[in-house]
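Engineer: Throughout the sequence shown, residue numbering follows my numbering, covering 353 to 722 in sequence. We put the beta carbon where it would ideally sit given N, CA and C, even for glycine. This is the structure I have questions about; it appears just below.
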Amino acid sequence: MKDYFLNHPTNKLDKNSTNQILKTSKSIFFHKSFDEYKKSPLIELSVLAKDLNITSLYVKDESFRFGLNAFKVLGASYAVSQILKKNPNVSVFCTATDGNHGRALAWSAEKYNKKCVVFVPKDTSELRIKAISNHGAKVEMLDLNYEETCKYAYNISLKMNWELVQDASWDNYKIIPAYIMSGYLSHFIEMENQINSLIKPDFDILFLQCGVGSWAASAIWYYLNRYGSYKPKIVLVEPTESCGVFDSFIKGKRTSPSGNLKTIMAGLNCGIPSKSAWNIIKNGCDGLIKISDNEVKASMRLFYNSNIGDSKIISGESGAAGLAGLLKCLNDSKLEGLNKHIGLNKNSRVLVFNTEGDTDRDSFSKIVEK
């Protein structure tokens with residue numbers, strides 16, 4: 353089977369509740385109200401771009417966001433604020449996570465003096481668990497994979513009357529995931545202001561890492577809503593052994609990943625794609641690519657051991673996936689069909705996102721110091 357998939361999107365957005373919530377999002381103003389708020393940098397890697405024989409390469413670096421080393425807090429904090437507007441008497445928030453989302457929810461609950469319970473799948477690192485519990489959350493590891501952990505969190509939330517804040521949607525659970533996606537819009541809005549875009553975007557191609565798809569869908573929604581048919585080409589990047597969105601395109605419907613779910617990209621090691629995200633992705637994504645753990649390790653090292661003249665970037669396993677996708681396209685002749693489809697060539701202006709820093713410092717050190 354090929355490591356890539358070509359999509360021919362309609363580039364149209366459905367008129368549904370998720371779209372309406374995204375359209376009315378005020379997340380950027382909400383996030384600016386925090387003392388911790390600071391624009392995450394948009395970094396140009398001009399030397400690396402020259403080495404790769406493309407016109408430009410930019411990285412939106414989320415490794416310092418609110419001191420949590422990942423972008424996830426943008427979604428969780430905004431969702432919590434919207435929930436409490438409707439029901440200030442919520443006493444306990446809960447979620448399932450493989451790390452960053454759970455920490456983001458714990459941080460957000462702590463801000464509002466609310467309790468938080470976080471369920472994590474088996475093999476979650478102790479450092480990730482500690483990072484969550486440091487914000488006062490109760491963390492429980494289950495002998496389950498990510499998708500099974502999500503189902504457990506949902507069932508326990510009903511039993512205990514807790515407020516579930518999950519970044520994936522399904523039938524009868526769409527509003528809160530839409531709030532989370534709305535929160536993610538903040539870093540696209542602040543980035544566009546940084547580069548003063550007008551009618552057309554300043555980038556030709558985006559490589560976006562993808563787990564359940566909520567963040568990737570928020571990006572697609574943003575560019576479709578702002579630019580319509582002028583939006584950049586968007587390529588989603590997933591781990592080979594946990595590629596639920598890729599497999600869903602192959603089958604023509606949402607499905608759980610067919611791989612063995614063993615990957616160092618913990619933040620992308622997810623189950624069936626979010627229902628709301630899938631509806632946006634299939635209408636706005638131009639291509640998909642699968643990457644191996646070794647390929648993402650190489651990208652982490654490339655970010656860290658920067659060329660003279662380029663900034664050093666601290667990127668975790670999931671954070672470097674977008675760059676890994678770009679490198680695979682440029683280095684693997686088998687992907688020539690995808691490159692032609694998205695127009696990747698020497699004139700391309702490319703954007704990737706570093707969605708997390710060294711959230712697991714032990715793992716990060718072992719990888720980059722090799």
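By the three-class DSSP mapping on this structure, what secondary structure does Trp522 have?
Structural biologist: On the sequence shown, residue 522 is found 170 positions in, with the first residue counted as 1. Correct three-state label for Trp522: strand.
Engineer: Going by beta carbon distance, what residues of the same chain come within less than 6 Å of Ile300, once the five residues before and after it are set aside?
Structural biologist: The chain is shown only over 353 to 722; residue 300 falls outside these bounds and no answer can be derived.
Engineer: How many whole angstroms separate the CB atoms of Trp573 and Leu365, which I take to be in contact at a CB cut-off of 8 Å?
Structural biologist: Locating residue 573 in the sequence shown gives position 221, where the first residue counts as 1. Locating residue 365 in the sequence shown gives position 13, where the first residue counts as 1. Confirmed, about 7 Å.
Engineer: Can you give me the C-alpha to C-alpha distance between Gly671 and Glu593, rounded to a whole angstrom?
Structural biologist: Here the question's residue 671 lines up with position 319 in the sequence shown. Here the question's residue 593 lines up with position 241 in the sequence shown. Between Gly671 and Glu593, the C-alpha separation is close to 17 Å.
Engineer: Using CA atoms only, rank isn't needed, just tell me which of Arg606, Ile633, Lys664 is closest to Gly623.
Structural biologist: Position 271 of the sequence shown, counting from 1, holds the residue named residue 623. Ranking the options by Cα distance to Gly623, first place goes to Arg606.
Engineer: Suppose contacts are defined by Cβ-Cβ distances below 8 Å. Is Ser564 in contact with Pro609 by that definition?
Structural biologist: Mapped onto the sequence shown, residue 564 falls at position 212. Mapped onto the sequence shown, residue 609 falls at position 257. According to the sequence displayed, residue 564 carries Val and not Ser. Their beta carbons are not under 8 Å apart, which means Val564 does not touch Pro609 by this criterion.
Engineer: Of all the beta strand (DSSP E) runs that stay within the bounds of the region 558 to 617, which reach a length of 3 or more residues?
Structural biologist: Counting only runs of 3 or more, we get 585 to 591.
Engineer: Can Lys724 and Leu496 be called in contact, C-beta distance under 8 Å?
Structural biologist: In the structure as shown, the chain starts at 353 and stops at 722, and residue 724 therefore has no counterpart that could be examined.
Engineer: Going by DSSP, what residues sit across from Ala458 in a beta bridge?
Structural biologist: As a first step, residue 458 must be located in the sequence shown, where it is residue number 106. In DSSP, Ala458 forms no bridge with anything.
Engineer: If you reduce the DSSP assignment to three classes, tell me which class Gly639 lands in.
Structural biologist: In the sequence shown, counting from the first residue as 1, residue 639 sits at position 287. Strand.
Engineer: Let me make sure I understand the geometry here. Which of Leu494, Phe386, Leu679, Lys614 has the alpha-carbon closest to that of Ala401?
Structural biologist: As a first step, residue 401 must be located in the sequence shown, where it is residue number 49. The candidate whose alpha carbon is nearest that of Ala401 is Leu679.
Engineer: Spell out the partners DSSP gives Glu515 in its beta bridges.
Structural biologist: Translated into positions along the sequence shown, residue 515 becomes position 163. The partner list for Glu515 (beta bridge, DSSP) reads Phe445.
Engineer: Where DSSP assigns a beta bridge to Ser408, which residues make up the other side?
Structural biologist: By 1-based counting over the sequence shown, the position of residue 408 is 56. Note: Ser408 sits in a beta bridge opposite Arg701.
Engineer: Can you give me the C-alpha to C-alpha distance between Glu492 and Gly619, rounded to a whole angstrom?
Structural biologist: Counted from its first residue, the sequence shown places residue 492 at position 140. Counted from its first residue, the sequence shown places residue 619 at position 267. Straight-line Cα distance between these residues: approximately 18 Å.
Engineer: When you compare only the Cα positions, how much space is there between Ala458 and Ser379?
Structural biologist: To locate residue 458, count along the sequence shown from 1; it is residue 106. To locate residue 379, count along the sequence shown from 1; it is residue 27. Each residue's Cα considered, the two are about 19 Å apart.
Engineer: Touch check for the region 653 to 664 and the region 683 to 690: three-plus C-beta pairs under 8 Å?
Structural biologist: They do not touch, by the three-pair rule.
Engineer: Which same chain residues, not among the five before or five after Lys627, have their C-beta less than 6 Å away from its C-beta?
Structural biologist: Stepping through the sequence shown from its first residue, residue 627 is reached at position 275. Same-chain partners within the cutoff: Ser521, Trp522.
Engineer: How would you write the range of the alpha helix (DSSP H) that Leu690 sits in, first residue to last?
Structural biologist: Translated into the one-based positions of the sequence shown, residue 690 becomes position 338. First-last of the alpha helix (DSSP H) with Leu690: 688 to 694.
Engineer: Do you know how far the Cα of Asn405 is from the Cα of Ile528?
Structural biologist: For the purposes of this step, residue 528 is identified with residue 176 of the sequence shown, where counting begins at 1. For the purposes of this step, residue 405 is identified with residue 53 of the sequence shown, where counting begins at 1. Roughly 42 Å between the two C-alpha positions.
Engineer: Could you check where the alpha helix (DSSP H) with Glu647 kicks off and where it finishes?
Structural biologist: Counted from its first residue, the sequence shown places residue 647 at position 295. First-last of the alpha helix (DSSP H) with Glu647: 645 to 656.
Engineer: Which of helix, strand or coil does DSSP assign to Lys390?
Structural biologist: Position 38 of the sequence shown, counted from the first residue, corresponds to residue 390. If DSSP states are grouped into helix, strand and coil, Lys390 belongs with coil.
Engineer: Whole angstroms are fine: how far does the CA of Ile719 sit from the CA of Lys664?
Structural biologist: Position 312 of the sequence shown, counting from 1, holds the residue named residue 664. Position 367 of the sequence shown, counting from 1, holds the residue named residue 719. Approximately 15 Å, taken between the alpha carbons.
Engineer: Should the region 568 to 588 be regarded as contacting the region 550 to 560, the criterion being three or more beta carbon pairs within less than 8 Å?
Structural biologist: Yes: the two stretches touch, three or more of their Cβ pairs being nearer than 8 Å.
Engineer: In chain order, what residues of the same chain have a beta carbon less than 8 Å from the beta carbon of Ser369, not counting five sequence neighbours either side?
Structural biologist: Stepping through the sequence shown from its first residue, residue 369 is reached at position 17. So the list reads Lys526, Ile527, Ala530, once near-sequence residues are dropped.
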